[in-house]
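Comments concern the structure below.
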Amino acid sequence: MEYRIASISGDGIGPEIVEEAKKVLNKVGELYGHRFHYEEVLMGGISIDTYGVPLTDEALETARSCDAVLLGAVGGNVGNSRWYDVAPNLRPEAGLLAIRKGLNLFANIRPAYLYEGPSDACPLKKEIIGDGFDMVIVRELTGGLYFGERHTEEVNGIRQAVDTLVYSETEIRRVAVKAFQIAQKRRKKVTSVDKANVLDSSRLWRSVVEEVAKEYPEVTLEHMLVDNCAMQLVMNPGQFDVILTENMFGDILSDEASMITGSIGMLSSASLNEGKFGLYEPSHGSAPDIAGKGIANPVATILSAAMMLRFSFDLDREADAVEAAVRQTLADGFRTADIMADGMQPVGTEEMGDRICERLTDSLK
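To get my numbering, take the position in the sequence shown, counting from 1, and add 1021.
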């Protein structure tokens, strides 16, 4: 089979980690008889430098014409970058919001799994970790506070800012369906996170989620307030299977879940539309402070490529092989700097990609 992938390296460590993900995809193609063609697309700071905007219409159309999108990271240091001395709609992250909206990528799927090998990097106590944890956060991605009307004005000589939080029942229902479908294939539990004790939008969220739950009687639904969920993630992460939540809450909780795995550099992410199309990216940012040093962890981007194989291309066997190769590489003791521990073998970005490719090859021997 042949597939066209829009490749968005982006800024900071983005080009380094995307290169390793492509390396692994190309090895998959070699071993399993597929061909992956990459269409290079600029987005973020590099697009601002080249075209003056974080995402051009042409870049969006190129991405739309492909079978999936592979993204590294966008942005830089907010306090020390020419990209941020401009209006918000011209900053690098505006490109990310625009491509999500433009491609109708309404559901963000972010796994958080504690690998057995690097579990020592987890900041939680061993008695809290227990036998580990394995959860998926399903975050609504194109509505809510990030996409509502906003403005800053001066009233009676005092500046005030307004951000509008809006959700329709259609937006809530479609992402809830995704969450329940995922839960059906896992441990059959959905924790819907909101702030229904305060917000009208959360009360609507809770009502619609309960309606969707009736269509999945084999899946258990529980509701949890967002502040409690933030506490429970560090007190008892093993209780969670699928967490369903809105855009801003999901942004915060998914980063928290990422860090309790030991490193945000380990976790993948998929943003999906109602069909097979998706954008696949690591959970972490562009880390400009380590860009070009060859020490960034590419595992999250490689696992995002595995999610692409699974969700967009229906190549479950190949996705399983990539994930198994990552687990074996970690079990064999190879570590990038962010997950380094005593007795392990340090490797850089490129070597980590090489080691994973080696274990892909070994799996077919």
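No residue lacks a Cβ here, since even glycine has one placed at the ideal position from N, Cα and C.
Anticipated Cβ contact below 8 angstroms, A1084 with V1062, distance rounded: If you number the sequence shown from 1, residue 1084 lands on position 63. If you number the sequence shown from 1, residue 1062 lands on position 41. Confirmed, about 6 angstroms.
Beta-carbon gap between I1264 and I1158 smaller than 9 angstroms: Along the sequence shown, one-based indexing puts residue 1264 at 243. Along the sequence shown, one-based indexing puts residue 1158 at 137. Against a cut-off of 9 angstroms, the Cβ pair of I1158 and I1264 comes out as a contact.
Contact set for S1333: own chain, Cβ-Cβ below 7 angstroms, skip 5 residues either direction: Along the sequence shown, one-based indexing puts residue 1333 at 312. D1088, A1089, K1297, F1298, G1299, listed in sequence order.
Boundaries of the alpha helix (DSSP H) in which A1340 is found, first to last residue: Translated into positions along the sequence shown, residue 1340 becomes position 319. A1340 -> alpha helix (DSSP H) spans 1337-1352.
Short Cβ contact (9 angstroms threshold) for A1291 with N1129: Residue 1291 sits at position 270 when you count from the first residue of the sequence shown. Residue 1129 sits at position 108 when you count from the first residue of the sequence shown. For A1291 and N1129, yes; Cβs fall inside 9 angstroms.
Candidates G1164, E1040, L1336: closest to S1223 by CA position: Here residue 1223 corresponds to residue number 202 of the sequence shown, with the count starting at 1. The candidate whose alpha carbon is nearest that of S1223 is G1164.
Closest residue to N1268 among Y1167, A1042, L1220, L1225 (Cα-Cα distance): Taking the first residue of the sequence shown as position 1, residue 1268 is located at position 247. Checking every option, the nearest Cα to that of N1268 belongs to Y1167.
Beta-carbon contacts of M1280 that lie in its chain and below 8 angstroms, excluding the five residues immediately before and after: Translated into the one-based positions of the sequence shown, residue 1280 becomes position 259. These residues qualify, in order along the chain: P1144.
Bounding residues of the beta strand (DSSP E) (the contiguous stretch that carries E1302): Translated into positions along the sequence shown, residue 1302 becomes position 281. From DSSP, E1302 is part of no beta strand (DSSP E); its letter is neither H nor E.
C-alpha gap between K1146 and F1261, whole angstroms: Taking the sequence shown and counting its residues from 1, the one referred to as residue 1146 is at position 125. Taking the sequence shown and counting its residues from 1, the one referred to as residue 1261 is at position 240. Rounded to whole angstroms, K1146 to F1261 spans 18 angstroms at the Cα level.
Cβ-Cβ distance between S1325 and A1080 below 9 angstroms: Counting from 1 along the sequence shown, the entry for residue 1325 is found at position 304. Counting from 1 along the sequence shown, the entry for residue 1080 is found at position 59. Against a cut-off of 9 angstroms, the Cβ pair of A1080 and S1325 comes out as no contact.
Spatial neighbours of E1339 in its chain, beta-carbon cut-off 7 angstroms, leaving aside the 5 residues before and after: If you number the sequence shown from 1, residue 1339 lands on position 318. Hits under 7 angstroms: V1049, Y1053, L1330.
Reduced DSSP category for I1281 - H, G, I as helix; E, B as strand; rest coil: If you number the sequence shown from 1, residue 1281 lands on position 260. Here I1281 sits in coil by DSSP.
Cβ-based burial, H1172 [other Cβ within 10 Å; buried from 16]: For the purposes of this step, residue 1172 is identified with residue 151 of the sequence shown, where counting begins at 1. Under this definition H1172 is an exposed residue.
Contacts around G1153, its chain only, beta-carbon distance under 6 angstroms, and the 5 residues preceding and following it disregarded: Residue 1153 sits at position 132 when you count from the first residue of the sequence shown. For G1153, where only same-chain residues beyond five positions count, the Cβ hits under 6 angstroms are L1135.
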